[in-house]
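The opening residue of the sequence shown carries number 5 in the working numbering; numbering runs sequentially from there. Where a beta carbon is used, it is the ideal one built from N, C-alpha and C, also for glycine. Here the structure is a predicted model, which means the values were calculated and not measured. Working notes for the structure below.
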Amino acid sequence: TELMKVPYMLVIGEREMNEEKVSVRRQGKGDAGTKSVEEFITMILEEIKNRRAAE
Numbered sequence: 005t006e007l008m009k010v011p012y013m014l015v016i017g018e019r020e021m022n023e024e025k026v027s028v029r030r031q032g033k034g035d036a037g038t039k040s041v042e043e044f045i046t047m048i049l050e051e052i053k054n055r056r057a058a059e
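Right, dumping it as structure tokens:
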């Protein structure tokens, strides 16, 4: 994913499955913590909104 410049990678292992969460890794910044899918989507939408406002 880093070579393809994908900004986020979601890792879903056994622990994440049991907790119904995803581990988030951000390109160039590393581990961004564990979040619910809803929290991740909210985070991404906020980031998109902020980028558009900055243009």
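Here V41 is near V26, since their CB atoms are less than 8 Å apart.
For N22, the closest alpha carbon among the candidates T38, M13, R30 and G34 is that of T38.
Annotation for V28: the continuous beta strand (DSSP E) segment containing it runs V26 to R30.
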